[in-house]
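Everything below concerns the one structure shown next.
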Amino acid sequence: MTLPTERTHLFDPPAEYKRLRETDPMTRLSFPDGTLGWLATRQEDVRAVLSDPRFSTYLARHSSPVRATPPEERGELPPGTFTSLDGPEHAHYRRMLTGLFTVRRMRQLTPRIEEITKGRLDAMEQAGENVDLVKEFAHPVAALVICELLGVSYDDREYLQEVSEVIMSAELPTTEIAVVAGGLYSYLLDVVRAKSAQPADDIISGLVTGDNGLTDEEVVGMAVLLLLAGYDATANMLGLGTLALLLNPDQLEPLRGDDQAAQDNLVEELLRYLTTVHLGTIRGAKEDLELGGKLVRKGEIVVGALAAANRDPRYYTDPDRLDVTRERPSHLAFGHGPHLCLGQQLARLVLRVGYRELFRRFPDLRLAVSPESVKTLDDRVMYGVYALPVSWSKQPVPAGAAGE
């Protein structure tokens, strides 16, 4: 079989995942290049794929369940592309960034992220009572935060958004993606060299001036990963999460009060329920091994279906229901194991502040089109919505009427 991608509901993963999870949780998967691999759909197996050192990200670097990369385009990894490395090589790069994304560091960033969020809400309010929330809020907030942290000019946000849309495409030809990626590398190399000459208080400056022996090219490779992941994933979750809340207004209660724990729980449940990394994560077997009762041969590729794992009834009661009061769920939206998303604490902070301030500013926020007309990002690595037309009333909202 090929990777299931057809959805019948805005927020639910393909229905085929549910069947496979119960009847054939480790099933043979045909890749576009003609090779055979595996699809894991149970959370237990997906966690094993992501944490077992016998699985390699490097061996899977040219593999995709939705697109074939011609042999002539399978070059070596650009320097600094640490997310596709294993073991000590991966840890070497990751250690340089870990301290920048701690819970303590995120607490220090909270006031600035609140300022950014409220500034965009001011602009959104001035734009009128009917706007595209993705364009006016989700993209700008995500771009402002990651650009400021990295030290990239926010004035270049339109270019960065265009680049992200191409590189994160699951359907465009690899040659077209390579050209655009090359342009981004050149752009960031100029930024890195400028920071070397005149450093500031940002991540790129810290990398180029630190005593770590990194080349400019390695810093660029690391910055590309941080930029794309920090921007695209956060923007998509802000848009898609808002849509989920608008269509489930009974779940908005935590955003109306000041209980941060309840708001954190809301974010975790949205991350689990939506799982924007909808095409799964990929690993290659370094040796023959058994997984989910099946023999995986050395060199075979396994796709861990995060969206299926996050709806596994063995781990969650009524998993297909959005329940923001669910006891804080452990989920795989940020991955698992040594490659657990480095920026997960930043993403959580931006989402909590974003959802909270959005619904406080516009308590009667509502979808301005039918849910059926909302176009989803099925053709991207990250699931989300292309646009989200919303409206609100400038008249005062009666107490208790928000979200009704």
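If you're matching positions, the sequence shown starts at 118 in my numbering and goes up one per residue. We treat Cβ as the ideally placed atom computed from N, Cα and C, and that holds for glycine.
When C-alpha distances from Ala287 are compared across Tyr500, Trp509, Ser508, Val507, the shortest belongs to Tyr500.
Spanning the alpha carbons of Arg473 and Val491 requires a straight line of approximately 23 Å. Counting along the chain, no alpha helix (DSSP H) covers Val248; the unbroken beta strand (DSSP E) around it starts and ends at 247-249.
Val341 sits away from Leu277, with the two beta carbons spaced by 8 Å or more.
In this chain, the alpha helix (DSSP H) harbouring Val308 covers 291-314. Taking C-beta separations shorter than 6 Å and ignoring five residues to either side along the sequence, the partners of Thr392 in its chain run Leu423, Ala424, Asn427, Ala450, following chain order.
Selection Gly268, Leu412, Pro196, Leu238 evaluated against Ile320 yields Gly268 as nearest (Cα-Cα). Its Cα nearest to that of Gly323, the residue Thr215 stands out among Ser180, Arg414, Thr215. One thing to note: Val507 has its Cβ within 8 Å of the Cβ of Arg483. Looking from the CA of Asp272, the closest CA among Ala298, Gly192, Leu261 belongs to Leu261.
Residue pairing by DSSP puts Arg497 in a beta bridge opposite Ser286.
In this chain, the beta strand (DSSP E) harbouring Met143 covers 143-147. The continuous alpha helix (DSSP H) containing Lys135 extends over residues 132-140.
With a beta-carbon spacing of about 6 Å, Gly471 and Val258 fall inside the 8 Å limit used to define contacts. DSSP places Phe451 outside both helix and strand once states are collapsed to three, so it counts as coil. For Val441, the closest C-alpha among the options Leu120, Gln368, Phe172 is that of Gln368. With respect to Leu137, Val420 sits apart: the two C-beta atoms are not nearer than 8 Å.
Closest option to Asp405, judged by alpha-carbon separation, among Thr291, Thr398, Ile418, Leu396: Ile418. In the DSSP assignment, Arg483 forms a beta bridge with Ser508. Sequence-distant Cβ neighbours of Glu190 in its own chain, meaning closer than 6 Å and more than five residues away, are Thr291. For Asp437, same chain residues with a beta-carbon under 7 Å away, outside a window of 5 residues either side, are Asp129, Arg428 in chain order. Contact between Val336 and Val309 holds: their C-beta atoms lie close to 5 Å from each other, under 8 Å. Note that the C-beta distance between Gly347 and Leu463 is below 8 Å. Of the residues Ala379, Val163, Asp495, the one whose Cα lies closest to the Cα of Val183 is Asp495. In this structure, Leu226 keeps its C-beta atom at 8 Å or more from the C-beta atom of Thr493.
Counting along the chain, Leu153 sits inside the beta strand (DSSP E) bounded by residues 153-157. Minimum Cα-Cα distance from Glu133 among the listed residues Gly151, Arg159, Arg477, Leu475 corresponds to Arg159. Around the beta-carbon of Ala240, fewer than 16 other beta-carbon atoms lie within 10 Å, marking it exposed. For Ile284, the closest C-alpha among the options Val325, Glu253, Asn329, Leu345 is that of Leu345. Around the beta-carbon of Val280, 16 or more other beta-carbon atoms lie within 10 Å, marking it buried. For Gly216, the three-state secondary structure derived from DSSP is helix. Within a 10 Å sphere around the beta-carbon of Thr200 sit 16 or more other beta-carbons, which makes this residue buried.
In this structure, Ile399 is the residue among Arg431, Ala255, Ile399, Lys415 with its C-alpha nearest to the C-alpha of Ser168. Non-local C-beta neighbours of Leu153 in its own chain, meaning closer than 8 Å and more than five positions away in sequence, comprise Arg145, Leu146, Ser147, Glu417, ordered along the chain.
Residue pairing by DSSP places Ser173 opposite Gly401 in a beta bridge. Per DSSP, reduced to three states, the secondary structure at Val269 is coil, with no helix or strand assignment.
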